[in-house]
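Structure record follows, encoded as structure tokens.
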Amino acid sequence: MMTAGCFSAYAADELVIFNREYYAVKDLNSTDIWKLKELLISADKGAAKNAGVILGRHYVRQGELDRGYKLLKENLDDSYFDRFMRINAHLWVYDAALKSKDDDIVKIEKEYLAKETLDDKADKAFRIYCSQEKLNIDSENVKACINRTVPDKKPESVFDLKPVVKAVPSVTAVAAVPVVVPSPSAPVVILPEAPKTAMAPRVAEEKPAVQPAEPAPTPEIIPEPVKEQPVKQPAGTRGKVVVNVLNSFQNPEIVEAMLYTISRQKVSVELDFKGDKSYYDYVIDAGSATITSNGTTYSFAAGRKENMKKACELAVTMGAKLIVLGYSEGFKDTAAEIADSFKGTAQFMLFNIQEKDFQGRMREFKNKAGGQPLSYVISGTQEQVLKVLPFLKYYSPRPDKTVIVNAVDTVSKKYVTGEYGEFAKNTYVVTDLVVSESAAAETFAADFTKDFNKAPVISDFIGHDFIQFIEKNRNPSAGNEYLSSIKEVQKGSVKREAGAYRIIGGGKLTKMEN
């Protein structure tokens, strides 16, 4: 079974989905590697094989040749790959064998690749591979770039600035921003690799004569030729909506969720990260969580600062006098500003909840309290807050007098049930989204968790809602709802009101009046 833009396979009643083309060409970060390692040991053998060759290629490109080659050989199984991944997998095994001086495998893989028909999928795979290896590409014979040898040394990092240049007659050197273009039946998604330097990638024009490739600051992937020029038309009049995505690496969760929603809902939306088209229906800035349509910008951003302040106000209202305010990375100044606004009303002590020795800081606060009741306001994602939650009353001199109000982006069942539910009982939470309040949000969260082996955060719900906003504009009668507690979107305004809740135990919480 194929899902648009994603890999899917059934095994032991388990369905695993991930965008194989996305991971096949991107520069993997620690989150990506964790996800692929989880897939590698999953019950779905197809997902495991695809994840295995992608991880193997990653290790080879990072200079861990033996580790990568081993993974590639162990997971090379054509029966589990679609055409694009099959060509990639054999190219990657060929590459690792070449760098390992495994001549027998090099010969086998070269013969295999030489026999492959150069259709769109194969052409794209060859171009991506040769560009990543900084090899010149002959537009008349793209396979020619694999006819090479490597020096007697470990392969250079893919981020080295010196390209491998081989003079080949009638070769045009092309350097371009990396892209991935799924099959015509799938939503078209253009995905960049993360930039490794401050230098912008260069796009060289084609020239009739041989041109050596100049040093490039990032791995290069050659795009497929654009077959049609975009025509400026009002949004929704074409079959496909074209979206320019900015600052994708500032908030990868939003991008991942948009891709997931496009695949899940089978909508015709193209995400373009290059920004070189003459017309776009929408512009999405992932960093600021905004979407611009017809000159009007809408902010879908969650109110982390507002929620932190509201939580502090609630704690003071509940009688807290000495408050420990915990914040996550990037919100130190926000926490200090909020604490300063309560001068004369309550005393604040601040700490970063992502510190390794956060318990040491909490012991310090307990000692400083000198027997006074300590109260807590902890702000962050659900996962960040849950790591701290079990210790709050433990480090308070007077647990029976401790007020706990957490500001959390999303509250799921995990927060109010099981082991964490006991610690959350009789505490308060200010949040943009209680997943259980929306059947659609619950379904999305369950599917997302199953497919990605992690619970969605607020950015994932916002990514969904960007696509929903686009679909509602195209079809105002669309029945699907927003998931991130958005009540209204009109005239450049997105109305989302955070709620304050009391956790009463047994997986239940009650909303407080504003």
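Take 1458 as the starting number for the sequence shown in our numbering and just add one per residue. All C-beta atoms, glycine included, are put in the ideal place defined by N, C-alpha and C. In this text the structure is predicted, and so the values were computed from the model without any measurement.
Asked                                                                                                                                                                 : Found
With a threshold of 6 Å on Cβ separation, who are the neighbours of L1497 within its own chain once the five nearest residues in sequence on each side are excluded?  : A1505, A1508 and G1509
Would you mind reading off the limits of the beta strand (DSSP E) that contains G1703?                                                                                : Contrary to the premise, residue 1703 reads as Leu rather than Gly in this sequence. That run of the beta strand (DSSP E) goes V1698 to L1703.
Using the DSSP secondary-structure output, state which residues sit across from E1945 in a beta bridge.                                                               : K1952
When the Cα of K1948 is compared with those of Y1755, Y1480, K1767 and Y1877, which residue comes out closest?                                                        : Y1755
From the DSSP output, which residues share a beta bridge with V1781?                                                                                                  : M1806 and Y1833
Just verifying my parser: in three-state terms, what is the DSSP assignment at N1863?                                                                                 : strand
Report the option in K1527, E1840, S1785 and E1710 whose CA atom is closest to the CA atom of F1918.                                                                  : E1710
Unbroken alpha helix (DSSP H) runs of length 4 or more, entirely within the stretch 1531-1611: which are they?                                                        : 1540-1556, 1560-1572 and 1577-1589
To which residues does DSSP link G1962 through a beta bridge?                                                                                                         : K1965
Measuring only the C-alpha atoms, how far is N1545 from V1563?                                                                                                        : 15 Å
Nearest to G1503 by CA position, among F1538, A1898, K1483 and L1522, is which residue?                                                                               : F1538
Do the stretch 1839-1848 and the stretch 1860-1873 make contact, defined as three or more Cβ pairs closer than 8 Å?                                                   : yes
Check this for me: beta carbons of K1965 and V1887, under 9 Å apart or not?                                                                                           : no
CB L1807 to CB A1826, shorter than 9 Å?                                                                                                                               : no
Have a look at D1577, D1576, F1541 and K1530 and flag the residue whose alpha-carbon is nearest the alpha-carbon of E1566.                                            : K1530
For D1580, collect the residues of the same chain with a Cβ closer than 7 Å to its Cβ; drop the 5 residues on either side in sequence, then sort them by chain order. : V1599
Report yes if the CB atom of E1928 is closer than 9 Å to the CB atom of S1942, and no otherwise.                                                                      : no
Could you say which of A1796, G1744 and A1758 lies nearest to K1767 if we only look at CA atoms?                                                                      : A1796
Near D1617, which residues of its chain fall below 6 Å by C-beta distance, leaving aside the five closest residues on each side in sequence?                          : Note that D1617 has pLDDT 35, beneath the 50 cutoff, so the model's placement of it is unreliable and the number below is only indicative. None.
Between the C-alpha atoms of F1493 and K1813, what's the straight-line distance to the nearest angstrom?                                                              : The amino acid at residue 1493 is misidentified as Phe; the sequence shows Leu. Approximately 26 Å, taken between the alpha carbons.
What does DSSP give as the partner residues of S1756 in its beta bridges?                                                                                             : T1747
Can you name the start and end residues of the beta strand (DSSP E) that V1724 belongs to?                                                                            : No beta strand (DSSP E) holds V1724; DSSP gives it neither H nor E.
On the DSSP bridge list, what partners appear for Y1885?                                                                                                              : V1862 and R1959
D1552 and R1584 - do their beta-carbons sit closer together than 9 Å?                                                                                                 : no
With distances taken Cα to Cα, identify the nearest neighbour of G1760 among L1728, S1836, D1790 and G1920.                                                           : S1836
Report the option in N1764, A1902, K1858 and S1895 whose CA atom is closest to the CA atom of G1956.                                                                  : N1764
May I ask you to report which of helix, strand or coil DSSP gives V1891?                                                                                              : strand
Going by DSSP, what residues sit across from Y1851 in a beta bridge?                                                                                                  : DSSP, once it has assigned bridges, lists no residue as partnering Y1851.
For N1476, which three-state DSSP category applies?                                                                                                                   : coil
Could you say which of D1484, E1478, Y1852 and D1729 lies nearest to V1698 if we only look at CA atoms?                                                               : D1729
Can you tell me the Cα-Cα spacing of T1801 and V1773, whole angstroms?                                                                                                : Before going on, a small fix: residue 1801 reads as Gly here, not Thr. Rounded to whole angstroms, G1801 to V1773 spans 11 Å at the Cα level.
Excluding five sequence neighbours on each side, which residues of the same chain lie with their C-beta closer than 7 Å to the C-beta of K1578?                       : R1540, F1541 and I1544
Take G1744 and list the residues in its own chain whose beta-carbon comes closer than 8 Å to its own, dropping the five residues that flank it on each side.          : L1703, N1704, Q1707 and N1708
Does the separation of the CB atoms of L1512 and G1520 fall below 9 Å?                                                                                                : no
Taking a contact to mean a Cβ-Cβ separation below 9 Å, would you say L1533 touches V1550 in this structure?                                                           : yes
Just to confirm, are I1924 and T1718 a CB contact at a threshold of 9 Å?                                                                                              : yes
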